[in-house]
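Some notes on the structure that comes next.
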Amino acid sequence: MNHKPIYIGKSKVHFENKEAKGAFVNIDKELYYKIEDSDTLRPFFMSIVSDSNHWLFISSNGGLSAGRKNSDSALFPYYTDDKIMESAEITGSKAILQIHRNNKTFLWEPFSNKYEGVYSIHRNLYKNSFGNSVIFEETNVDLGLTFRYQWNSSHRFGFVRKAALINNSKKRISLTVLDGIQNILPNGLGADLQNTRSNLADAYKKNELAALVGLGIYSLSAIIVDKAEPSEALKATIAWSIGLENPNHLISSLQLNNFRKGQAISLETAVRAEKGAYFVSAQIDLKADSEKTWLIVADVDQGPADVVEIAEKLKSPKILLQEVIDDIELGTQNLIRLVAAADGLQLTNNPLQDTRHFSNVLFNIMRGGIFDDNYQIPAADFVHYIQNANKRVYQQNQNLLALLVGSFSLQELRKITAQSTDSDFKRLCFEYLPLKFSRRHGDPSRPWNKFSINVSNKLDSSRVLNYEGNWRDIFQNWEALALSYPEFIDSMIHKFLNASTFDGYNPYRVTKDGFDWEVID
Numbered sequence: 004m005n006h007k008p009i010y011i012g013k014s015k016v017h018f019e020n021k022e023a024k025g026a027f028v029n030i031d032k033e034l035y036y037k038i039e040d041s042d043t044l045r046p047f048f049m050s051i052v053s054d055s056n057h058w059l060f061i062s063s064n065g066g067l068s069a070g071r072k073n074s075d076s077a078l079f080p081y082y083t084d085d086k087i088m089e090s091a092e093i094t095g096s097k098a099i100l101q102i103h104r105n106n107k108t109f110l111w112e113p114f115s116n117k118y119e120g121v122y123s124i125h126r127n128l129y130k131n132s133f134g135n136s137v138i139f140e141e142t143n144v145d146l147g148l149t150f151r152y153q154w155n156s157s158h159r160f161g162f163v164r165k166a167a168l169i170n171n172s173k174k175r176i177s178l179t180v181l182d183g184i185q186n187i188l189p190n191g192l193g194a195d196l197q198n199t200r201s202n203l204a205d206a207y208k209k210n211e212l213a214a215l216v217g218l219g220i221y222s223l224s225a226i227i228v229d230k231a232e233p234s235e236a237l238k239a240t241i242a243w244s245i246g247l248e249n250p251n252h253l254i255s256s257l258q259l260n261n262f263r264k265g266q267a268i269s270l271e272t273a274v275r276a277e278k279g280a281y282f283v284s285a286q287i288d289l290k291a292d293s294e295k296t297w298l299i300v301a302d303v304d305q306g307p308a309d310v311v312e313i314a315e316k317l318k319s320p321k322i323l324l325q326e327v328i329d330d331i332e333l334g335t336q337n338l339i340r341l342v343a344a345a346d347g348l349q350l351t352n353n354p355l356q357d358t359r360h361f362s363n364v365l366f367n368i369m370r371g372g373i374f375d376d377n378y379q380i381p382a383a384d385f386v387h388y389i390q391n392a393n394k395r396v397y398q399q400n401q402n403l404l405a406l407l408v409g410s411f412s413l414q415e416l417r418k419i420t421a422q423s424t425d426s427d428f429k430r431l432c433f434e435y436l437p438l439k440f441s442r443r444h445g446d447p448s449r450p451w452n453k454f455s456i457n458v459s460n461k462l463d464s465s466r467v468l469n470y471e472g473n474w475r476d477i478f479q480n481w482e483a484l485a486l487s488y489p490e491f492i493d494s495m496i497h498k499f500l501n502a503s504t505f506d507g508y509n510p511y512r513v514t515k516d517g518f519d520w521e522v523i524d
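Now the structure itself:
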């Protein structure tokens with residue numbers, strides 16, 4: 004196809020004919036699927052999963068939303084998928100580089116289309132076979148550099164963004180980097196408020212920096228309520244970094260244009276009524292064929308004790324770095340165990356098929372849940388379930404329930420059920436399912452489905468057994484799960500039938516504690 008030449012000022016811009024290609028590659032001994040020249044495809048949406056309560060929905064152009072548990076505990080705004088894709092320039096990852104060469108300074112902004120055609124670039128996208136890591140990579144052929152960033156999650160530390168600069172040339176490269184994340188939400192700002200009154204929310208935002216350790220703290224000056232009463236904001240979102248030597252810190256995006264213009268940027272320690280951001284800036288000298296990496300870590304729902312604890316850990320960055328790496332690896336192993344428990348692991352001569360099967364099983368148990376310990380039932384959870392479901396039944400069977408300690412098998416529960424003459428107690432016993440890791444099928448492409456990922460107790464980190472789902476969805480998930488746990492199929496059928504009306508109507512949502520009927524607008 005012929006193109007007429009296009010100029011920006013006196014410079015001719017170059018648009019290359021590229022075609023996306025896919026293949027498996029190994030990165031740090033882990034299998035990833037690589038889409039080469041991914042920017043030639045229309046932006047598409049991905050879900051990056053976790054063994055814990057993280058959620059991260061990201062577009063192939065870098066726009067994202069992320070948080071913990073539900074959309075009201077967001078690190079980045081929870082919008083519909085079209086808005087997330089459109090916000091790639093102002094939300095999430097942002098890097099701006101100044102490359103110093105031959106008495107000139109070259110400006111490069113990876114993954115931005117502002118300078119399209121100025122440099123010869125290649126953008127690649129990688130997602131690991133377990134689905135809990137994604138890598139964005141841009142190679143600047145003209146400058147001989149590659150910038151790469153990776154999203155991971157850690158149960159202990161939150162969301163981990165690993166950035167890397169790679170010198171592909173045979174010469175030393177001197178550069179100044181400004182790298183970070185932007186549009187960080189403070190704690191206490193729910194999705195509905197952010198979607199309908201984001202300008203009001205901005206007025207309440209308070210960004211602070213603990214300069215000695217480089218810890219960003221993002222909170223509200225007060226909880227936003229329409230009542231004449233005090234309402235303090237006692238928790239915050241935090242962000243911190245390790246890996247760069249003596250960096251400068253910014254806690255807003257106000258100075259990004261100054262950096263683009265070659266002007267000096269100054270340390271920010273307190274910014275009010277502006278969207279939160281966390282940027283680090285440093286001078287880097289890259290030897291030929293060398294690489295420099297650093298981390299930016301962020302988490303939500305952090306109380307005063309959490310902030311003090313991480314500030315203390317930042318005084319020993321090498322130890323902290325290893326703790327983060329170890330916890331990411333632990334999360335991956337936990338995720339593999341969850342999928343393995345539902346027969347999601349297979350090994351054939353077709354890695355695409357193996358990865359597809361792993362992904363199918365993973366998303367199935369993310370909806371319907373996975374049984375906590377095969378056919379074992381934790382007594383404490385079962386007793387709490389009975390108490391919550393029917394107080395009268397709980398009181399009438401209190402002596403029997405008091406005998407249950409530790410854990411017992413499904414067969415033992417069936418014996419207890421058979422000996423009881425209480426029909427309501429029998430029904431609740433038959434319906435009990437010790438499932439975990441479940442959440443409703445909700446994401447930015449289905450914003451009408453509200454999800455909540457309840458996998459652990461924040462106070463003591465103990466596991467939580469819980470499930471929830473839309474009526475049709477969850478029984479489709481259980482149908483597949485029953486192939487791995489056939490002894491629970493009776494309980495699944497009881498839950499299905501007992502929630503239906505005699506004339507064939509079924510509820511909108513099914514949860515561990517009951518069911519919800521759809522409310523007519």
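Count along the sequence shown starting at 1, add 3, and that's the number in the working numbering.
Cβ coordinates follow ideal geometry from the N, Cα and C atoms, glycine included.
Same chain, Cβ closer than 6 Å to residue i, five either side skipped, listed in chain order
{"i": "glutamate 112", "result": "Ile99"}
{"i": "serine 74", "result": "Tyr81 and Ala194"}
{"i": "alanine 273", "result": "Glu211"}
{"i": "alanine 77", "result": "Gly70 and Leu188"}
{"i": "glutamine 59", "result": "Inspection of the sequence shows that residue 59 is occupied by leucine rather than by glutamine. Answer for leucine 59: Ile51 and Ala69, listed in chain order."}
{"i": "aspartate 384", "result": "Leu468"}
{"i": "phenylalanine 47", "result": "Ser63"}
{"i": "tyrosine 35", "result": "Val28, Tyr129 and Asn131"}
{"i": "phenylalanine 518", "result": "Ala502 and Pro510"}
Proximity below 8 Å, CB of residue i to CB of residue j
{"i": "glycine 334", "j": "serine 156", "result": "yes"}
{"i": "lysine 72", "j": "isoleucine 456", "result": "yes"}
{"i": "asparagine 186", "j": "lysine 278", "result": "yes"}
{"i": "leucine 348", "j": "valine 342", "result": "yes"}
{"i": "lysine 290", "j": "leucine 168", "result": "no"}
{"i": "alanine 285", "j": "asparagine 249", "result": "yes"}
{"i": "isoleucine 3", "j": "isoleucine 102", "result": "Because the chain spans 4 through 524 in this model, residue 3 falls outside it and cannot be assessed."}
{"i": "aspartate 182", "j": "phenylalanine 114", "result": "no"}
{"i": "arginine 164", "j": "isoleucine 299", "result": "yes"}
{"i": "alanine 382", "j": "isoleucine 368", "result": "no"}
{"i": "tryptophan 137", "j": "tyrosine 129", "result": "It should be noted that the sequence gives valine, not tryptophan, for residue 137. Taking 8 Å as the Cβ cut-off, valine 137 and tyrosine 129 qualify as a contacting pair."}
{"i": "phenylalanine 433", "j": "aspartate 493", "result": "yes"}
{"i": "valine 144", "j": "serine 172", "result": "no"}
{"i": "leucine 404", "j": "isoleucine 380", "result": "no"}
{"i": "isoleucine 331", "j": "phenylalanine 133", "result": "no"}
{"i": "arginine 443", "j": "asparagine 402", "result": "no"}
{"i": "glycine 445", "j": "alanine 301", "result": "no"}
{"i": "aspartate 516", "j": "asparagine 391", "result": "yes"}
{"i": "isoleucine 30", "j": "methionine 49", "result": "no"}
Opposing strand residues paired with residue i [DSSP bridges]
{"i": "methionine 49", "result": "Ile61"}
{"i": "glutamate 294", "result": "Ile169"}
{"i": "tyrosine 511", "result": "Beta-bridge pairing links tyrosine 511 to no other residue."}
{"i": "lysine 573", "result": "The requested residue 573 is not part of the displayed model; the chain covers only 4 to 524."}
{"i": "threonine 240", "result": "Tyr221"}
{"i": "alanine 77", "result": "Gly70"}
{"i": "glycine 102", "result": "Going by the sequence as given, residue 102 is isoleucine instead of glycine. Answer by DSSP bridge pairing, in chain order: Phe109 and Leu178."}
{"i": "glutamate 471", "result": "Thr514"}
CA nearest to the CA of residue i, picked from the options
{"i": "serine 487", "options": "Ile380, Val364 and Gln422", "result": "Val364"}
{"i": "arginine 417", "options": "Asn402, Gly409, Leu436 and Thr179", "result": "Leu436"}
{"i": "alanine 267", "options": "Thr142, Gly66, Leu253 and Ala276", "result": "Leu253"}
{"i": "serine 441", "options": "Ser426, Glu471 and Ile124", "result": "Glu471"}
{"i": "leucine 407", "options": "His387, Tyr511 and Ala392", "result": "His387"}
{"i": "phenylalanine 79", "options": "Thr240, Ala405 and Arg475", "result": "Thr240"}
{"i": "leucine 215", "options": "Ala314, Leu146, Ala405 and Thr514", "result": "Ala314"}
{"i": "glutamate 140", "options": "Met369, Trp451 and Leu148", "result": "Leu148"}
{"i": "valine 522", "options": "Lys515, Tyr511 and Asp516", "result": "Tyr511"}
{"i": "histidine 57", "options": "Asn116, Phe505 and His158", "result": "His158"}
{"i": "asparagine 251", "options": "His6, Ile496, Ala236 and Leu218", "result": "Leu218"}
{"i": "glycine 95", "options": "Ala242, Asn198 and His6", "result": "Ala242"}
{"i": "serine 53", "options": "Ser459, Lys174 and Val513", "result": "Ser459"}
{"i": "valine 375", "options": "Leu203, Arg395 and Ser410", "result": "Inspection of the sequence shows that residue 375 is occupied by aspartate rather than by valine. When each option's Cα is compared against that of aspartate 375, the closest is Ser410."}
Own chain, CB closer than 7 Å to residue i, minus 5 neighbours either side, in chain order
{"i": "tyrosine 207", "result": "Leu223, Ser224, Ala225 and Ile227"}
{"i": "lysine 86", "result": "none"}
{"i": "glutamate 490", "result": "Tyr378 and Leu413"}
{"i": "threonine 420", "result": "Lys429, Cys432 and Phe433"}
{"i": "aspartate 42", "result": "Arg126"}
Own chain partners of residue i with C-beta closer than 8 Å, once the 5 adjacent residues on each side are dropped
{"i": "lysine 15", "result": "Pro8 and Ile9"}
{"i": "glutamate 235", "result": "Ala225 and Ile226"}
{"i": "aspartate 205", "result": "Ala276, Glu277 and Lys278"}
Count the CB pairs spanning the segment 341 to 358 and the segment 499 to 515 that are closer than 8 Å, and state whether there are at least three. No, the segment 341 to 358 does not touch the segment 499 to 515.
Please determine if the segment 13 to 24 and the segment 301 to 310 are in contact, where contact requires at least 3 C-beta pairs separated by less than 8 Å. Result no; under three Cβ-Cβ pairs closer than 8 Å.
Do the segment 316 to 333 and the segment 250 to 264 touch if we need at least three Cβ pairs shorter than 8 Å? Fewer than three pairs of CB atoms, one per stretch, sit closer than 8 Å, so the segment 316 to 333 makes no contact with the segment 250 to 264.
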